[in-house]
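S.K.:
Chains as they are written, first to last, in my numbering: chain U, 29 to 257; chain G, 7 to 369.
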């Protein structure tokens with residue numbers, strides 16, 4: 029069945045390209061890679077542990093030095109749902125932080141939540157796209173969650189209020205997280221006027237319009253929260 | 007020539023982008039910095055009705071403000087405002103105002119001074135904020151006076167809701183913790199910064215410790231000794247009197263279950279000799295589903311009632327069972343039932359209660 033679907037997908041896409049020219053471009057036009065760079069234009073602060081009542085034990089708290097550009101998800105805003113292969117990613121609980129704090133996956137993917145801390149965490153989410161509560165489990169143990177609906181899932185720790193992570197679930201392949209230097213590359217997008225969005229958990233959505241020329245690599249740069257013109 | 011406003015705006019936007027891209031500040035902005043300030047707030051409303059249809063409503067609003075001062079130093083302030091369900095009176099107070107120093111390591115050290123989080127027991131440390139308390143009510147031992155130990159004279163609590171002024175040092179390793187504190191208030195008598203009553207100040211020494219044999223299980227104990235009653239506070243108190251408070255507490259968590267309990271024993275010097283009061287509570291919470299949970303608490307106290315004709319043991323008992331639903335990570339609604347038998351009462355009074363709690367971490 030999967031093989032049949034693999035054969036049919038390009039056919040459906042080609043037919044769609046013929047009958048919906050405004051969306052996916054004309055049949056003669058070739059899709060093109062969209063790449064660019066993301067910069068964070070304003071200082072970002074990270075939540076630090078805080079409690080009226082410290083626990084009776086003094087725990088080590090080291091904030092992870094992760095680039096804020098790794099907390100951005102860039103995606104093609106006008107993309108239509110497609111069958112996409114599932115992914116396997118992990119969000120670790122380390123030094124009372126979720127690492128990485130932002131992941132982007134396809135529908136049907138599983139995200140693992142290993143506990144690397146010598147204390148309990150209690151990972152949960154009450155998001156519409158997926159609600160779950162993994163309970164408490166010790167260091168070395170892990171739990172998995174499968175995400176079957178597209179959307180944004182905010183993940184928290186019931187014990188540590190400063191801990192949060194985001195799982196973005198897409199039903200298409202046109203998304204990506206920039207590298208440490210801010211570079212990203214989206215798979216080939218049909219030619220035409222397209223909207224590319226960079227999402228950051230604090231700064232929200234920033235969308236730019238780009239003209240994707242047939243077969244030519246296109247650049248979309250972002251300075252969040254202000255889009256580059 | 008005047009430029010059209012849209013063109014000016016676009017030029018300005020481009021200029022801002024160019025500056026942001028070229029300025030060194032952009033490079034530093036790519037790394038998040040821990041915020042200097044941390045603020046979270048709670049607002050809670052609860053209502054209850056008893057068997058005679060008498061209703062009460064309580065309100066509670068607070069904020070925890072923490073300022074990082076660098077090099078391990080932190081200032082923490084916890085102002086609260088509450089409308090007491092029992093009397094309808096409003097209280098405004100500061101429960102914590104402390105300067106804290108923390109150094110992590112194989113042996114972690116914490117030193118704090120000011121109006122402290124309670125160094126004694128578990129109840130004061132775990133359930134005073136509505137969003138971390140799995141129940142609607144708090145343990146009665148914090149607020150319910152013991153029967154009169156001498157007449158006339160002040161009625162102490164088994165272990166009051168005390169946030170004392172003083173200093174505390176805590177050290178801990180991977181499987182143990184120990185602390186010592188010197189405070190200005192007896193844990194038997196509540197003292198507020200802005201609210202009355204204002205019992206006399208006494209130096210009380212607290213030592214405590216605990217072991218954590220496995221993650222999720224901690225067993226701890228503490229001893230507090232110091233004055234509780236000033237000479238002249240009662241016609242039958244010609245000299246200052248001391249009290250000793252011993253607590254044993256434990257917390258146990260695994261998977262979707264969380265259990266905790268505390269046992270308290272007071273040895274109180276009075277004009278007619280030494281009196282002993284004791285009590286305990288056990289509470290549990292079970293997560294049933296991501297949004298649903300149930301919780302329960304059982305509490306007992308035993309204390310002497312000193313009468314001209316002799317001494318008799320009075321008993322106090324409460325139970326509470328609740329079911330909770332999390333509307334969102336910030337909003338929780340709870341409904342439950344309480345049964346309470348006060349000191350000297352033959353039977354239980356029953357109440358139905360509901361509460362809505364909104365917690366938010368702002369920074």
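All C-beta atoms, glycine included, are put in the ideal place defined by N, C-alpha and C.
Mapping DSSP to helix, strand and coil, what is residue 129 (chain G)?
M.R.: Numbered from 1 along the second chain, position 123 holds the residue referred to as residue 129 (chain G). Looking at residue 129 (chain G) - three-state DSSP - the assignment turns out to be helix.
S.K.: With a threshold of 6 Å on Cβ separation, who are the neighbours of residue 117 (chain G) within its own chain once the five nearest residues in sequence on each side are excluded?
M.R.: Locating residue 117 (chain G) in the second chain gives position 111, where the first residue counts as 1. Around residue 117 (chain G): 107, 175.
S.K.: By Cβ distance, which residues of its chain are closer than 6 Å to residue 110 (chain U), with the 5 residues on each side in sequence left out?
M.R.: Counting from one through the first chain, the residue named residue 110 (chain U) turns up at place 82. Once the five neighbours on either side are set aside, the close Cβ partners of residue 110 (chain U) are 200.
S.K.: Let me know the secondary structure DSSP gives residue 361 (chain G) once reduced to three states.
M.R.: Your numbering for residue 361 (chain G) matches position 355 in the second chain. Residue 361 (chain G) falls in the strand class under three-state DSSP.
S.K.: Alpha carbon to alpha carbon, how far is residue 348 (chain G) from residue 58 (chain G)? Give it in angstroms, no decimals.
M.R.: For the purposes of this step, residue 58 (chain G) is identified with residue 52 of the second chain, where counting begins at 1. For the purposes of this step, residue 348 (chain G) is identified with residue 342 of the second chain, where counting begins at 1. Each residue's alpha carbon lies about 17 Å from the other.
S.K.: Please state whether the Cβ-Cβ distance between residue 206 (chain U) and residue 212 (chain U) is less than 7 Å.
M.R.: Taking the first residue of the first chain as 1, we reach residue 206 (chain U) at position 178. Taking the first residue of the first chain as 1, we reach residue 212 (chain U) at position 184. A contact, by the Cβ cut-off of 7 Å.
S.K.: Return helix, strand or coil for residue 186 (chain U), following the three-state DSSP convention.
M.R.: Position 158 of the first chain holds residue 186 (chain U). Correct three-state label for residue 186 (chain U): coil.
S.K.: From residue 200 (chain G) to residue 317 (chain G), what does the alpha carbon distance come to, in whole angstroms?
M.R.: Walking along the second chain from the start, residue 200 (chain G) turns up at place 194. Walking along the second chain from the start, residue 317 (chain G) turns up at place 311. Going by the C-alpha atoms only, they are around 36 Å apart.
S.K.: What is the residue span of the beta strand (DSSP E) that residue 112 (chain U) lies within?
M.R.: In the first chain, residue 112 (chain U) corresponds to position 84, counting from 1. Counting along the chain, residue 112 (chain U) falls outside any beta strand (DSSP E), and DSSP gives it neither H nor E.
S.K.: Taking the C-alpha atoms as reference points, what is the distance between residue 244 (chain G) and residue 308 (chain G)?
M.R.: Numbered from its first residue, the second chain carries residue 244 (chain G) at position 238. Numbered from its first residue, the second chain carries residue 308 (chain G) at position 302. Cα to Cα, the separation comes out at about 27 Å.
S.K.: Using a Cβ-Cβ distance cut-off of 7 Å, determine whether residue 80 (chain U) contacts chain G.
M.R.: Residue mapping note: residue 80 (chain U) aligns to position 52 of the first chain, counting from 1. Output row for residue 80 (chain U): interface = yes.
S.K.: Rounded to whole angstroms, how far is the Cβ of residue 182 (chain U) from the Cβ of residue 194 (chain U), which I believe are closer than 8 Å?
M.R.: For this step, residue 182 (chain U) is matched to residue 154 along the first chain. For this step, residue 194 (chain U) is matched to residue 166 along the first chain. That pair is a contact at about 6 Å.
S.K.: Residues of chain G with a CB under 7 Å from the CB of residue 147 (chain U): which are they?
M.R.: For the purposes of this step, residue 147 (chain U) is identified with residue 119 of the first chain, where counting begins at 1. Under the 7 Å cutoff, chain G gives 221.
S.K.: Compare the beta carbon distance of residue 234 (chain U) and residue 214 (chain U) with 7 Å and say whether it is the shorter of the two.
M.R.: On the first chain, residue 234 (chain U) is found 206 positions in, with the first residue counted as 1. On the first chain, residue 214 (chain U) is found 186 positions in, with the first residue counted as 1. No, these two residues do not count as a Cβ contact at 7 Å.
S.K.: Spatial neighbours of residue 133 (chain G) within its chain, please: C-beta separation below 6 Å, excluding the five flanking residues on both sides.
M.R.: For the purposes of this step, residue 133 (chain G) is taken as residue 127 along the second chain, with counting starting at 1. Closer than 6 Å at Cβ, skipping near neighbours: 139, 144.
S.K.: Of the residues U:100, U:154, U:82, U:98, which one's Cα is nearest the Cα of residue 337 (chain G)?
M.R.: As a position in the second chain, residue 337 (chain G) is number 331, starting the count at 1. Comparing Cα positions, the closest option is U:154.
S.K.: Which residue comes first and which comes last in the beta strand (DSSP E) that contains residue 103 (chain U)?
M.R.: Indexing the first chain from 1 puts residue 103 (chain U) at position 75. Per DSSP, residue 103 (chain U) belongs to the beta strand (DSSP E) from 100 to 104.
S.K.: Give every residue of the same chain whose Cβ lies closer than 6 Å to the Cβ of residue 263 (chain G), excluding the five residues on either side of it in the sequence, and list them in chain order.
M.R.: Numbered from its first residue, the second chain carries residue 263 (chain G) at position 257. 292.
S.K.: Okay, do the segment 68 to 88 of chain G and the segment 151 to 167 of chain G touch, 3+ Cβ pairs below 8 Å being the bar?
M.R.: In short, these stretches do not touch, since the Cβ pair count stays below three.
S.K.: Which residues, taken in chain order from the segment 83 to 100 of chain G, show a beta carbon closer than 7 Å to some beta carbon of chain U?
M.R.: Answer in chain order: 84.
S.K.: Would the segment 231 to 250 of chain G and the segment 161 to 173 of chain U be scored as touching if the rule is three or more Cβ pairs under 8 Å?
M.R.: The segment 231 to 250 of chain G, when compared against the segment 161 to 173 of chain U, does not touch it at the 8 Å Cβ threshold.
S.K.: Output, in chain order, the set of chain G residues within a Cβ distance shorter than 9 Å of residue 159 (chain U).
M.R.: Stepping through the first chain from its first residue, residue 159 (chain U) is reached at position 131. Simply 295, 296, 297.
S.K.: Comparing the C-beta of residue 74 (chain U) with each C-beta of chain G, is any distance below 7 Å?
M.R.: Taking the first chain and counting its residues from 1, the one referred to as residue 74 (chain U) is at position 46. At least one chain G Cβ lies under 7 Å of residue 74 (chain U).
S.K.: Please classify residue 103 (chain U): is it buried, with 16 or more other beta-carbons within 10 angstroms of its beta-carbon, or exposed?
M.R.: Translated into positions along the first chain, residue 103 (chain U) becomes position 75. When all chains shown are included, residue 103 (chain U) counts as buried.
S.K.: Using a C-beta cutoff of 7 Å, does residue 30 (chain G) count as contacting chain U?
M.R.: Along the second chain, read from residue 1 onward, the residue named residue 30 (chain G) stands at position 24. With a pLDDT of only 41 at residue 30 (chain G), under the threshold of 50, the placement of this residue in the model should not be trusted; the figure read from the coordinates follows. It does not; no Cβ of chain U falls within 7 Å.
S.K.: Compare the beta carbon distance of residue 269 (chain G) and residue 282 (chain G) with 7 Å and say whether it is the shorter of the two.
M.R.: Sequence index remark: in the second chain, residue 269 (chain G) carries index 263 (1-based). Sequence index remark: in the second chain, residue 282 (chain G) carries index 276 (1-based). No; because the gap between Cβ atoms is not below 7 Å, this pair is not in contact.
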